[in-house]
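Working notes, beginning with the structure itself.
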Amino acid sequence: MPGHSTSNASVEWREFGRALRARREQRDLSLRDLAEQVCWHFSVIGKWEQGKNRPSFEAVMALDTKLGTEGELVSLALRASMADTDRTRRGTVDGKTSRQDEDDEMERRVALQFLAALGAGTIVPVNVVDTILSGVNRAAGEGDDFCLDDWEEVVWEYSYQLNTGPFGSLIRDVSADLVDIGRLLDAGPSEFVRVGLFRISAQLSFLLAEDLANVGARSAARRCYRAAHRSADASGDRDLRVWMRAKEAQRGFWQGRPEEVVLRLADDAVRLAGDIPSSGTAAAYKAQAFALAAQGDADGARGALRRVGDVFERLSTNVTNDPHLMWGFPETDLVFGTAYVSSLIGDRRESQRAVDHALALYPHERVYGIANLRLIEIMNAVRHRDDVSGALDYAVSTGQNIPVTAARRRITGQIVEALPQETRALPAARELRFLTASLRSS
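Heads up: the sequence shown is residues 15 to 456, going by our numbering.
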């Protein structure tokens, strides 16, 4: 929409213009200086600052990058564009369904153009995420004949991609689907479809949160996690509500939250589950085992692992048979938990047995999980002073060319903490220490 004129400048575009001018002047740039950097004529930029013309999406991204506003200009432009479409929709004549459809499609195009920029860039503006989630959150705070099974299939594919694909690859598509889900919820579907849509929106919001966290957009990820939690509760699906709370406990553990907090979150999931087995119940007990092992409570950790196994035996095969589905609880989850907890409590033999079992179970494309198992092997070697120098070299090589997840960051940090004093000056030890330190500050 380059050069699009607004005869009566909207409040939102004037706000964008004021922010643009303020950021330009903060950098001590004239209009001509900025024009040279973004390759737009200075007179055009001047009109943008006055709110008289709307910049193109490409121009907004260029301005945001050159002025270092970290998504502020993108967010303001998105809000202004969405406000324009809202005004257009309010002016639609009743009964003109073709015009309504056109307005809906225009809103969708506006959102998706920004989402395209969002997925391609390194900065994820928080306000953009808030706008994406607004329809879902609005409905959660308070013609519908289409196939929910199709959405479930979409969620499965995203889940597989999150476990096997490059970080950040889901952001654009999942965000676009959340926009559609919000629109469907706003349309006032039947109660059955509404519940199903909340279930889908909870899963999509969680997937978006995970991928945003993977690329370091922590603030945006937190908002998506909260939206996932709200949608799960709004769905009334007990198993999904338990699962969300269990995943919050696990995520808190890997992110280094106090073990007491992790245990409280896991206990909340277990209480909600009651005596009904589910993947969330198993995940909650696994989080308990992690936290208790980290506290040095070996007996408590073993007891929690036994409860994981008990729940696993009671789960249906559709929950345990898919090694890719993050909503299930496959045997790989059970065995990984045993490998990691046994390593933390010093049972090397049991840990190695579980590592070998897990490596035999993991599909080859689950490179992130396999890398974590290798790190558990390395942690065992370091803790038992078995060729520490070789183990460190292996740890460094294991992490090469693989993005670092929160789990890998914590396990690597535990390896560093377990190093004997005489090995801490080794080049590989320094490299691991630098890695964990830089990740904590990122």
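Glycine residues also receive a C-beta, built at the ideal position from the N, C-alpha and C atoms. Since we're looking at a predicted model, the values are computed, not measured.
Residue range of the alpha helix (DSSP H) that includes residue i
i	result
D225	E205 to N228
H243	R232 to S249
V256	R252 to W268
D281	E273 to A287
A201	From DSSP, A201 is part of no alpha helix (DSSP H); its letter is neither H nor E.
T426	A420 to A432
Which listed residue (the options) has its alpha carbon closest to that of residue i
i	options	result
E345	L375, A385 and S219	L375
A260	C238, R285 and G270	R285
G250	A287, D194, Q269 and R236	A287
E26	G65, D42 and L48	G65
A242	A223, R252 and R35	A223
P417	R197, V229 and Q309	V229
A91	V58, F30 and E39	F30
L2	S183, A216, G85 and D187	This structure leaves residue 2 out entirely; the chain is present only between 15 and 456.
E167	V207, S183, I214 and L176	I214
R244	P272, F220, A97 and S89	F220
A36	A49, S24, T83 and F71	T83
M75	C53, L254, D225 and K61	C53
I390	L373, E274, V188 and L48	L373
E63	F71, E86 and R38	R38
Y174	R93, R316, D336 and E274	D336
L329	F181, V193, I290 and R236	I290
A231	P434, L48, G85 and I59	G85
E379	G427, S365 and G179	G179
D253	S292, A315 and Y382	S292
C238	E436, S189, A368 and A94	S189
R316	R32, A353 and G60	A353
I209	R255, R240 and S357	Position check: residue 209 holds Val in this sequence, whereas Ile was assumed. Selected option, being the one with the closest Cα: R255.
V169	L211, E72 and R240	L211
E72	T426, D187, V88 and D281	V88
D401	E436, T79 and F181	E436
Coarse secondary structure for residue i, derived from DSSP in three states
i	result
L440	coil
D159	Confidence at D159 is low in this model, with a pLDDT of 42, below 50, so its placement is unreliable and the value that follows should be read with caution. It is coil, neither helix nor strand.
A190	helix
I459	Because the chain is modelled from 15 through 456, residue 459 falls outside the range shown and cannot be assessed.
L389	helix
F181	coil
E379	coil
R397	helix
S455	Caution is warranted here: a pLDDT of 39 is assigned to S455, below 50, making its placement in the model unreliable, and no coordinate value can be reported.
I384	helix
I290	coil
T295	helix
R447	helix
D115	Because the pLDDT of D115 is 49, which lies under 50, any placement of that residue in the model is unreliable, and the question is left without a value.
G135	Note that G135 scores a pLDDT of 45, beneath 50, so its modelled location is shaky; the value from the coordinates is reported in the next line. In the structure shown, G135 sits in coil (DSSP, three-state: anything other than H, G, I, E or B).
E121	With a pLDDT of only 47 at E121, under the threshold of 50, the placement of this residue in the model should not be trusted; the figure read from the coordinates follows. Residue state, collapsed to three classes: helix.
Nearest-angstrom Cβ-Cβ length linking residue i and residue j, presumed shorter than 8 Å
i	j	result
V276	A301	6 Å
D247	L218	Not confirmed; about 15 Å, so no contact.
I6	M393	The requested residue 6 does not occur in the structure, where the chain is confined to residues 15 to 456.
R362	N386	Actually they are not in contact, since the Cβ atoms of R362 and N386 sit about 17 Å apart, beyond 8 Å.
R68	G270	R68 to G270, Cβ: 44 Å. No contact.
L77	L34	6 Å
H371	V349	5 Å
L176	M340	7 Å
G351	L319	6 Å
R46	F56	5 Å
V322	A303	7 Å
A297	F267	Actually they are not in contact, since the Cβ atoms of A297 and F267 sit about 11 Å apart, beyond 8 Å.
L226	I195	No, L226 and I195 are not in contact; Cβ-Cβ is about 17 Å, not under 8 Å.
R399	P441	Their Cβ separation, rounded to whole angstroms, is 19 Å, which puts R399 and P441 out of contact at 8 Å.
Notebook entry, point to check: Which whole runs of the alpha helix (DSSP H) in the segment 22-109 are 4 residues long or more, in chain order?
Noted result: 25-40, 45-52, 56-64, 71-81 and 86-104
Check: For the segment 306-372, which segments carrying the alpha helix (DSSP H) assignment without a break, of at least 4 residues, lie completely within its bounds, in sequence order?
Finding: 312-328, 331-334 and 345-358
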